[in-house]
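In this note's numbering, the protein residues as written are 185 to 740. Built from N, CA and C at the ideal position, the CB exists for glycine as well. Notes to accompany the following structure.
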Ligand code: XIL
């Protein structure tokens with residue numbers, strides 16, 4: 185993919201440059217935001233709009249400071265498909281061309297949103313709307329295939345209380361529109377990263393809890409999702425998000441990338457020194473939160489200058505939200521962000537203290553609870569979390585990760601003695617010495633099969649058809665790499681191709697579902713959700729026996 189090549193090339197060049205600079209000048213005094221971010225394994229990006237392209241000094245600054253661009257409006261539905269089936273890519277293409285010229289990656293923004301979507305979409309009935317959504321995703325993603333690093337597939341799907349926003353999408357299509365959008369997106373482009381993106385999910389709270397359960401449920405259904413975007417539109421008068429780093433980490437711990445996608449820090453005008461000081465702290469805190477979370481891939485600011493700000497029109501009376509003023513003069517927030525990115529530079533080599541000895545509780549045949557007292561970190565990058573290991577000779581396997589002082593281990597083998605310990609890690613990746621070990625023995629129980637299958641197939645259409653949802657869980661201790669699920673449909677049942685989440689076949693020997701490229705690997709304890717539509721005669725009963733790669737699965 186183009187982006188990867190560009191990134192690798194510029195990262196190599198950068199390491200060389202920084203090596204020379206480091207000897208001559210202190211890190212704080214040199215380098216763009218992107219240079220320093222790249223040295224920490226992150227990117228720093230900015231939203232740009234096509235009306236800004238003729239402003240040469242502004243473009244020069246954007247090219248200098250940022251390694252990534254997001255079109256602020258040019259790839260939204262009203263820009264790309266203003267009329268049914270009529271696609272216009274001129275503005276988006278301009279931004280892709282600019283990024284290519286500057287060696288920057290591009291985040292695509294956004295495919296399915298309740299805002300900036302033409303009326304013709306909003307007034308469609310359910311069937312037509314579903315088709316329009318899939319058609320839009322397919323066309324726009326095919327057009328930009330190979331040009332983008334990531335797509336915000338679904339934007340702002342949540343209410344403040346964490347429930348699903350009552351948008352026309354939800355009203356017409358039901359909650360499945362989100363999973364459907366991601367599936368269509370993966371089918372359109374197998375390589376680009378697929379994100380869900382929202383605002384006010386930056387700290388821990390009702391809305392981010394809602395996002396967390398939504399994302400977990402998508403993952404458990406096998407929906408292809410790679411990342412969660414945190415818009416991070418902050419305002420000095422509303423305080424800093426609660427436990428932002430821990431919040432990013434809990435999403436990262438689901439196995440996803442996280443990104444700050446639309447950072448700005450507005451204030452009620454006029455600005456004063458107190459508000460500016462708070463803004464400076466917020467930019468610094470956001471930067472440090474991302475730096476402390478390994479899977480936080482980067483930070484995108486929603487505009488570099490107050491000269492082109494979306495704030496005054498969206499929030500009347502507010503402004504001054506960006507890193508530079510209307511004359512492109514850097515604010516203290518710029519320096520704070522710059523120095524936070526430059527300051528670490530791998531200088532935190534102090535590991536956190538060892539966690540306390542874990543205590544085991546609630547031991548079952550396949551699980552156990554562990555808790556331990558917290559580590560402290562004085563190296564500057566902050567405590568990022570804990571990893572639980574099994575003591576087992578030369579290489580000790582990981583049993584789980586946690587951002588808190590406790591964890592529930594699952595997927596353990598019955599009647600087995602486990603000796604486990606915990607290590608803390610900080611934002612720079614330093615690992616503490618191990619805690620003391622604790623030993624426990626799991627209870628006896630049925631031998632863990634390699635897989636468990638949950639099958640549900642409610643019927644519809646007056647009893648002639650059904651939609652089967654099949655969840656395959658890897659209950660073994662090794663990852664499954666490549667799989668075929670086989671089962672026999674009861675007499676009178678017929679699969680209606682193509683099905684989803686797998687390549688489905690039905691022959692005289694029964695039904696098989698073989699993985700697609702994006703869900704080929706099932707980690708221990710992880711699940712993949714697949715499904716198909718079918719027809720039946722008589723009673724709609726479920727198949728009872730399933731094999732995964734030839735081995736029998738338990739059913740749930
Ligand atoms: C904003 C743009 O910056 C404005 O130019 C436009 O008028 C409205 O949308 N959340 C998002 C972005 O996901 O798409 C929004 O961008 C800002 C809030």
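Rounded to whole angstroms, the separation of the alpha carbons of residue 599 and residue 471 is 46 Å.
Remark: the shortest separation between the CB of residue 724 and any heavy atom of the ligand XIL does not fall under 7 Å.
Contact annotation: the segment 243-251 does not touch the segment 265-273, with fewer than three C-beta pairs closer than 8 Å.
By the Cβ neighbour-count rule, residue 570 is buried, with 16 or more other Cβ atoms within 10 Å of its own. Look at residue 495 here: in three-state DSSP terms it is helix. The Cβ-Cβ distance between residue 665 and residue 705 falls below 8 Å. With a 10 Å radius around the Cβ and a threshold of 16 neighbouring Cβ atoms, residue 678 comes out exposed. With 16 or more other CB atoms across the displayed protein chains lying within 10 angstroms of its CB, residue 413 is buried. For residue 475, the uninterrupted alpha helix (DSSP H) segment begins and ends at 457-476. In the three-state DSSP reduction, residue 293 falls in the strand class (E or B). Distance from the CA atom of residue 320 to the CA atom of residue 366, rounded to whole angstroms, is 12 Å. Residues 624, 626, 627 of the same chain have their beta carbon placed closer than 7 Å to that of residue 547, with the five preceding and five following residues left out of the count.
Counting C-beta pairs with one atom in each stretch, the segment 421-437 and the segment 381-394 have three or more that are closer than 8 Å, which means they touch. Fully enclosed alpha helix (DSSP H) runs of no fewer than 4 residues are not present anywhere in the segment 663-705. Straight-line spacing of the CA atoms in residue 225 and residue 641 works out to 45 Å. Take residue 399, set aside five residues on each side of it, and the residues of its chain with a beta-carbon closer than 8 Å to its own are 380, 409, 412, 435, 438, 440, in chain order.
With a cut-off of 7 Å, the C-beta of residue 243 is classified as distant from the ligand XIL, since no heavy atom of the ligand falls inside that distance. If you draw a 10 Å sphere on the C-beta of residue 291, you find 16 or more other C-beta atoms in it, and that means buried. The C-beta separation of residue 508 from residue 488 comes to about 6 Å, placing the pair in contact by the 8 Å criterion. Three or more beta-carbon pairs separated by less than 8 Å are not found between the segment 445-457 and the segment 534-550, which leaves the two stretches without contact. Selection 465, 654, 663 evaluated against residue 683 yields 654 as nearest (Cα-Cα). Proximity of the segment 294-301 to the segment 235-246 falls short of the contact definition, fewer than three beta-carbon pairs being nearer than 8 Å.
With 16 or more other Cβ atoms from the protein chains shown falling within 10 Å of its own Cβ, residue 255 counts as buried. In this structure, the alpha-carbon of residue 456 lies about 36 Å from that of residue 259. At least one heavy atom of the ligand XIL falls within 7 Å of the beta-carbon of residue 293. Your pair residue 648 and residue 731 does not check out as a contact, with CB atoms roughly 29 Å apart and the cut at 8 Å.
For residue 652, the uninterrupted beta strand (DSSP E) run begins and ends at 649-658, by DSSP. When the alpha-carbon of residue 589 is set against those of 539, 561, 240, 462, the nearest one is in 539.
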